[in-house]
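Taking it in order: structure first as structure tokens, then the write-up.
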Amino acid sequence: MRQLLMASVGVTLLGLGLAAHDAQGPAAAAQSTPATRTAPRATPAVRSAAVRTAPVAPAMVAAEQTRIITTYCATCHSERGKAGGLSLASFDAMKAHEQPEVIEKMIRKLRAGMMPPPGARKPDEAAIEALTGALETRMDELAASNPNPGWRPFQRLTRAEYEAAVRDLLDLDIDVTPYLPADTQAHGFDNIAQAQAFSPTLLDGYLRAASQVSRMALGDKQASATSATYRVLQTESQMTYVEGTPFGSRGGIAVTHHFPADGDYIFKAMLQRTISGELFGNTGIATSGSNELLEISVNGDRVAVLEVLASMSDAGEKGFVIDTPAIHLKAGPQRVSAAFVPRFVGPVDDLMMPIDHTLVDMRIGTGFGITSMPHLQDLVIAGPMKVTGISETPSRKRVFACRPTAANEEVPCATDTVRRLATQAFRGPVSTADLADLMKFYDQGRTGGDFEGGIRMAVQGILAHPRFLFRVEGVPATPTTAAFRVGDIELASRLSFFIWGTVPDAELIKVATSGTLKTTAVLEKQVARMLADPKSDALATRFGSQWLRLQDIEKIRPDGILYPQWDQSLTDAMRRETELFFASLVREDRSVLDLLNADYTFVNERLARHYGVPNVTGTTFRRVSLPPTRRGVVTQGSILMMTSVADRTSPVQRGKWIMQVMLGSPPPPPPPNVPTLDATSGSQGGKVLSVRERMEQHRSNPACMSCHRVIDPLGLALENFDVTGQYRIKDNGVPVDSTGELYDGTKMEGADGLRQALLRHKASLLTSFTESLMTYALGRHVEAFDMPTVRAINRDAGKQNYRVSTFVQGIVKSQAFRMSRPAPTTSTDADARQ
Amino acid sequence: MLITKRHLSRRTVLKGIGVTAALPLLEAMLPASSAAAQSAAKGKVRLAAIEMVHGAAGSTAFGAKMNMWSPAATGKAFDLTPSALSPLDSVRQHITIVSNTDLRMAEAFTTPEIGGDHFRASAVFLTQAHPKQTMGSDVRAGISLDQLYAGRYGQDTPIPSMQLCIEPVDQAGGCEYGYSCVYTDSISWSKADAPMPMIRDPRTVFDQLFGVGATKEERAQRRKEDRSILDTLMGSVDRLKAQIGSVDKARLDDYLSDIREIERRIQKVESVNSSGEQRELPGAPVGVPDSYEEHVKLMFDLQALAFGSDITRVFSFKMSRDVSGRVFPSTGVTTGFHNASHHNSREDRIRDFAKINRYHVSLLPYFIERLKRMPEGDGTVLDNTLIVYGSPMGDPNVHNHRRVPLLFAGHAGGTLKGGLHIKAADGTPMANTFLDALHKIGMDDVPSFGDSAGSLDLNAVQDTTAAAQ
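Those protein sequence lines, which keep their order, are chains A and B.
If you read the first sequence in the working numbering, its first letter stands for residue 1258, the second for the next number, and so on.
If you read the second sequence in the working numbering, its first letter stands for residue 17, the second for the next number, and so on.
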């Protein structure tokens, strides 16, 4: 198997000549018949690969390809009609090499089965298969004879990468959103080099982040009193236990707060008010007969208990604020929680009870008949007052490996410390000049303070240094127009940011420094090691979540009246579910097709209750088997909810998501001036309409029909899931109809029908996955000239049941990952950097 | 390269950063005479849009008769003595009172909307648009006055705009009557579906405007560190450039120019500081003050300083929150704000409510005087500022939105004369005044705003007798 795998990688690399340095097996050499530039038929070496996925027909000759395309495609894609902005009237398969972008677009639509469109005249399936195979073969040959590893400008650290790097360097969890501007998303990802622009604002953010983070890491004796406010979202339920607070408590919040120094701090809690200015939940206090207590604890130890009075109101002197006296606490990150101590535990026999979104209506807290309890609105931590020093913290342990005991030990100890930190931060050896710069910072800090002050200033310098912030890659010393191999140190960074989303560890740097990382065997071994490391969770939290567009879930908040079973903790749980699920694919090296097929998922109690999965208690997530109504990621709450709007499902958004993510073929944007679904009335002739009926009414416009007949059935198949992803059999009182026809004519019913239909086009799912993984790995758009590599990776993965690791290995070993071509010199390309 | 044609200008990137884009520098930008021109050069005018909730006693029939808000006379010779506006008498030449406008967009359009005025009105004040009734995330109102202006000119200053508030807000979840809390919590909308969060903690405002550090010395220390880092960075960037490709070199050159820009700003801070002419910053506040008045004044201080230093030219400021039950002790009224607003048309209770209105208005001269004390060009910062103060409700007892309280202050770069009381014709939309305001501050190409039906000239001197009827 190893032999075969390497053989086909060899085919893509060999044309470059350079790859021959690598330890390629003899099989690769044997197969490396140079492709004939004008050959209309596939050469044996490449065809063998194509034929494996297309066992139906022998290679189709160019004339036949041309005939099929002009016969079946050029009617719409004519000079006059130009459907989709494309004319195929004068298509000539012999000239395919002149327009690789068009050919790749055709392959994409053919593979997805989206062309020819439903209802149009089409050749038989075998002919389409043969045509697609032949086009692919042609493109693969072209790439083999004219290899192009692509190019991108240097990348800078994204917010997430900055945070992860600081965690690795300084053992410090930070949130950089107050400092660094949001990363621009391009092609679905936040790390695309071309989209990463520079501005004084960004530089200013870097400076402030360096200044603040170095102080947080090492403590700040000069810290002035300030206050940090932690807000409890109004959409969080507070009638039950909140993770991180003491067991047995109710509601509240738990946070990890960085105390800059040992000193006195004050905690202020603000409680939720009703809309008319009384304490929310004062009825609960009246029922129990005793005031509610709010316990403040630090690392699980109670430091204060505050009494919540039922009589609190807007008109009171302090309103809804209760505060502690000054409390002496130590520097560093400490887990702080504020949670209510229940004063009575027992069944409440109300006719109505708040469900999960307990603050959905702010008046119920004062109405008798619905027993509600006080809710925390925010927790303020103010201080330090009376700084007494700085205690040991994880960050300080990480930074201070040596402690000078005499004046003459200071500089050697500082040099060691700074070099060690900089080597990791700069992801490779530190030059003498760079080290000298950093020691200047040390001197500056030492002069104005002490040894620690010097180190802190040096850390600040490291964090603001371009070698930390920018992933600059060198070019060969002698100018060249040929592609060249990326240096080992730089390859280590590419690997680490790809698989771990952070800086390389010591071992990776060691291997890179020894100069062996470039060999395929060592590279494979490192990738395997990195995938086994828990840090590879970044493939789920960084790659997977962006590919699946999980961030969109924060944009939807279901209507509280229609969906009172929703609250923010449900959204959080759904997001975590999908991340854990994706991580399980990576960790267990499962098939990518499990994205559609998996019969398991991960739930905590909150989510299990929502899905109707029994016997799950507590906040910890665990793996459970799914009922037959749910399979794979498409039926997970996160995807279903983020493709809904507040008060109804959106089959269009669901269909669009499936086309974009699962099929890699997003629909074109709607034409301007189209009325939205909301503009169609929710009822007709006194009858309430289901979402499906409203859509059909909306879709009767023929201009909309051509796209929506493709998009809508995909989403309508998921109509058994409501806005919050809960299973349903009725919508607006009308029985759910989840039947439909896929654009290729396949009949579908429900989520399982959709799954089977999508599996018929699994090549599209695989292409979407590989293409996206490659976009993320390279930090650039994947071009037409990359598609042969994508196909080669998919073919190889097919031999190993589409295991996730085969895709990662395939990308890492591709020339696009290991090599670069020199920067383009044309003005268009140069303009793009701005 | 498929994205080669995508030209990502710096401006594009700066957009959307919003208030997180603070610069640390700041005393520098507190020169005695700032760069802002004194003419009404486009986009140079500072805009502060201030909202007070719950309407005014003067909007009731009794209150109108007693001139509890709008004075009896129009034109210049108005008498503020009986009015809640009386605290403004000392700055009367700088204010323009516009009475008798309506905010119909805050009214209920459909049956389920009836009664939800408190939970809808704030979103209408600056947008002049009718909010969509929803408790979910599909919120919708309109672009607000301040954001329309910041969207056009905000890029000229380090921070395009800032949004401040006094009462705690949440921004998530539903409030009542089927309205999402964002409608109650925010008055600034950057897009019709994008309410902006309001900042309540003065320290957060301070850090964003002036950089981190509680004292002048601390801030100076941080500047020194930054400067030394920038100095050194120049060398390391040059060394990096030695070994990389041409496009990457050009990218680093961009970065070098950013370094020089930040250095320039720091140098300017230092030189202004050493010249001894800089204005004093207040000590950095620790958090939210306990006292309402202290909190409001601190927020005014910060706005004045930001205007004077040209860090941002646009503020919106929400001075209260609907259905607040806060008691304002210095008014002598012991009833909470919301309860007091439901005066049941009793004359004594209307008089009490007017005391609360007067108290709120009495905080304004503090801000106006501060701006007036800041020289700029041949005039003062006040000359180049437009303040809007008003409420999206009229008579709070019946939740109506007619004859709402509204006044302007400052001279908007010389385009607003001030010292006037204008009584609008019956049924004039409040949006008409905002349209004229937009025209005066450099957006003369805006054809309409909200439900405007033409623009109302804020310099119109009316015949006194006409209004006395």
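Built from N, CA and C at the ideal position, the CB exists for glycine as well.
Is A:TYR1868 closer than 9 Å to A:LEU1636 when the C-beta atoms are compared? As a first step, residue 1636 of chain A is located in the first sequence; it is residue number 379 there, counting from the start. As a first step, residue 1868 of chain A is located in the first sequence; it is residue number 611 there, counting from the start. Contact: no.
Contact check, B:ASP442 vs B:ASP473, beta carbons under 9 Å: The residue given as residue 442 of chain B occupies position 426 in the second sequence. The residue given as residue 473 of chain B occupies position 457 in the second sequence. Here B:ASP442 is not near B:ASP473, since their CB atoms are 9 Å or more apart.
Given A:PHE1577 as reference, the closest of A:GLY1541, A:PHE1537 and A:ARG1814 once Cα atoms are compared: Within the first sequence, residue 1577 of chain A is the residue found at index 320, counting from 1. Of all alpha-carbon atoms in A:GLY1541, A:PHE1537 and A:ARG1814, the one lying nearest the alpha-carbon of A:PHE1577 is that of A:PHE1537.
With a CB to CB cut of under 8 Å and the five nearest residues on each side skipped, what residues in its chain are close to A:ALA1422? Residue 1422 of chain A sits at position 165 when you count from the first residue of the first sequence. Cβ-Cβ distances below 8 Å link A:ALA1422 to LEU1414, ALA1682, PHE1725, THR1759 and VAL1760 in the same chain, with the five nearest sequence neighbours on each side left out; the list follows chain order.
Residue burial classification, B:PHE135 (beta-carbon count within 10 angstroms, cutoff 16): Residue numbering aside, residue 135 of chain B sits at position 119 when the second sequence is read from its first letter. Result: buried.
Assigned exposure category for B:VAL198 - 16 Cβ within 10 Å defines buried: The sequence position of residue 198 of chain B within the second sequence is 182, counting from 1. Buried, since its Cβ has 16 or more Cβ neighbours within 10 Å.
Which value, in whole angstroms, describes the spacing of the CA atoms of A:MET2076 and A:ASP1762? For the purposes of this step, residue 2076 of chain A is taken as the residue at position 819 of the first sequence. For the purposes of this step, residue 1762 of chain A is taken as the residue at position 505 of the first sequence. A:MET2076 and A:ASP1762: Cα-Cα distance of roughly 22 Å.
Can you pull the DSSP bridge partners for A:GLU2006? Numbered from its first residue, the first sequence carries residue 2006 of chain A at position 749. Bridge pairing for A:GLU2006: A:THR1996 [DSSP].
C-alpha distance - A:THR2032 paired with A:SER1922, whole-angstrom precision: Here residue 2032 of chain A refers to the residue found at position 775 of the first sequence. Here residue 1922 of chain A refers to the residue found at position 665 of the first sequence. Straight-line measurement puts the Cα of A:SER1922 at about 15 Å from the Cα of A:THR2032.
Check distances from the C-beta atoms of the segment 302-315 of chain B to those of chain A and list, in chain order, the residues that come in under 9 Å. Listed by position along the chain: VAL302, GLY303, VAL304 and ASP306.
Any idea if B:GLN163 is buried or exposed, counting beta-carbon neighbours within 10 angstroms, 16 or more meaning buried? Taking the first residue of the second sequence as 1, we reach residue 163 of chain B at position 147. Counting every other CB atom within 10 Å of its CB across the protein chains shown gives B:GLN163 a total of 16 or more, marking it as buried.
Can you find a C-beta in chain B that's less than 9 Å from the C-beta of A:ILE1818? As a working mapping, residue 1818 of chain A is identified with position 561 in the first sequence. Look at A:ILE1818: its C-beta is under 9 Å from a C-beta on chain B.
Span of the alpha helix (DSSP H), counted from its first residue to its last, around B:GLU363: Numbered from its first residue, the second sequence carries residue 363 of chain B at position 347. Residues 363-378.
Using a Cβ-Cβ distance under 9 Å, would B:GLN259 count as near chain A? Indexing the second sequence from 1 puts residue 259 of chain B at position 243. For B:GLN259, the nearest beta carbon of chain A is closer than 9 Å to its own beta carbon.
Return the chain-ordered ranges of every alpha helix (DSSP H) run that is complete within the segment 2013-2077 of chain A and spans a minimum of 4 residues. Complete alpha helix (DSSP H) runs here, min 4: 2019-2035, 2044-2055, 2061-2070 and 2072-2075.
Span of the alpha helix (DSSP H) around B:ALA441: By 1-based counting over the second sequence, the position of residue 441 of chain B is 425. From DSSP, B:ALA441 is part of no alpha helix (DSSP H) but of the beta strand (DSSP E) over 436-445.
Just to confirm the assignment, what range does the beta strand (DSSP E) spanning B:GLN179 have? Here residue 179 of chain B refers to the residue found at position 163 of the second sequence. Counting along the chain, the beta strand (DSSP E) containing B:GLN179 begins and ends at 178-181.
What residues in its chain sit with their C-beta under 8 Å from that of A:HIS2038, if we drop five residues either side in the sequence? Here the question's residue 2038 of chain A lines up with position 781 in the first sequence. So the list reads ALA1443, HIS1444, ILE1449, GLN1451 and THR2032, once near-sequence residues are dropped.
Which residue marks the beginning of the beta strand (DSSP E) containing A:GLN1634, and which one marks its end? Residue numbering aside, residue 1634 of chain A sits at position 377 when the first sequence is read from its first letter. Taken as a continuous stretch (DSSP letters only), the beta strand (DSSP E) holding A:GLN1634 covers 1633-1646.
DSSP state of A:ASN1556, grouped into three classes? In the first sequence, counting from the first residue as 1, residue 1556 of chain A sits at position 299. When DSSP states are grouped into helix, strand and coil, A:ASN1556 belongs to the coil group.
Kindly indicate which residue of B:ASP118, B:MET68, B:GLY59 and B:GLU67 has the alpha-carbon position closest to the one of B:LYS439. Sequence index remark: in the second sequence, residue 439 of chain B carries index 423 (1-based). It is B:ASP118.
Closer than 9 Å at the beta carbon, the chain A residues around B:GLU279: As a position in the second sequence, residue 279 of chain B is number 263, starting the count at 1. Here the premise fails: no neighbours, minimum Cβ distance about 10 Å.
Reference A:THR1623, options A:SER1802, A:ALA1474, A:GLY1541 and A:ARG1337, closest by Cα: As a first step, residue 1623 of chain A must be located in the first sequence, where it is residue number 366. Of the listed residues, the one whose Cα sits closest to A:THR1623 is A:GLY1541.
Using alpha carbons as the reference points, say which of A:VAL1555, A:ASN1548 and A:GLN1479 lies closest to A:HIS1205. Only positions 1258 to 2091 of chain A appear in this structure, which leaves residue 1205 of chain A out of reach.
B:VAL339 CB to nearest chain A CB: under 9 Å? Your numbering for residue 339 of chain B matches position 323 in the second sequence. Closer than 9 Å: yes.
Going by the DSSP bridge assignment, what does A:VAL1902 pair with across the sheet? The sequence position of residue 1902 of chain A within the first sequence is 645, counting from 1. Its beta-bridge partners are A:ARG1905.
Proximal residues of chain A, C-beta to C-beta of B:LEU249 below 8 Å: Taking the second sequence and counting its residues from 1, one reaches residue 249 of chain B at position 233. For B:LEU249, the neighbours in chain A by C-beta distance under 8 Å run, in chain order, ALA1721, HIS1722 and PRO1723.
Reducing DSSP to helix, strand and coil, say where A:LEU1464 ends up. Counting from one through the first sequence, the residue named residue 1464 of chain A turns up at place 207. Looking at A:LEU1464 - three-state DSSP - the assignment turns out to be helix.
Just the chain B side, please: which residues come within less than 9 Å of A:GLN1910 by C-beta, in chain order? As a working mapping, residue 1910 of chain A is identified with position 653 in the first sequence. Neighbourhood of A:GLN1910 in chain B, by CB distance below 9 Å: empty, with the nearest CB roughly 12 Å away.
Own chain residues within Cβ distance below 8 Å of A:MET1609, not counting five before or after: The sequence position of residue 1609 of chain A within the first sequence is 352, counting from 1. Apart from the 5 residues on each side of it in sequence, A:MET1609 sits with its Cβ closer than 8 Å to the Cβ of GLY1626 and ILE1627 in its chain, given in chain order.
Would you mind telling me which residues of chain B sit closer than 7 Å to A:ALA1785, beta carbon to beta carbon, in chain order? The sequence position of residue 1785 of chain A within the first sequence is 528, counting from 1. What A:ALA1785 touches in chain B: nothing, since even the nearest Cβ is about 31 Å away.
May I ask which residues mark the beginning and end of the beta strand (DSSP E) holding A:HIS1867? Counting from one through the first sequence, the residue named residue 1867 of chain A turns up at place 610. Looking at the DSSP string, A:HIS1867 is not in any beta strand (DSSP E); the run it does join, the alpha helix (DSSP H), is 1862-1868.
Threshold first: 4 residues or longer. Then list the alpha helix (DSSP H) segments lying entirely within the segment 201-263 of chain B, N to C. Taken in chain order, the complete alpha helix (DSSP H) segments of 4 or more residues contained in the segment 201-263 of chain B are 218-226 and 232-257.
Please state whether the Cβ-Cβ distance between B:ASP274 and A:LEU1459 is less than 9 Å. The sequence position of residue 274 of chain B within the second sequence is 258, counting from 1. The sequence position of residue 1459 of chain A within the first sequence is 202, counting from 1. With respect to the 9 Å criterion, B:ASP274 and A:LEU1459 are classified as neighbours on the basis of their beta carbons.
Check the DSSP bridge columns for A:VAL1565 and list the partner residues they point to. As a first step, residue 1565 of chain A is located in the first sequence; it is residue number 308 there, counting from the start. According to DSSP, residue pairing for A:VAL1565 in a beta bridge involves A:GLU1549.
Own chain, CB closer than 7 Å to A:ARG1742, minus 5 neighbours either side, in chain order: Numbered from 1 along the first sequence, position 485 holds the residue referred to as residue 1742 of chain A. Sequence-distant partners of A:ARG1742 (beyond 5 residues in either direction) whose C-beta falls short of 7 Å from its own C-beta, in its chain, are LEU1275, LYS1775, ARG2075 and MET2076.
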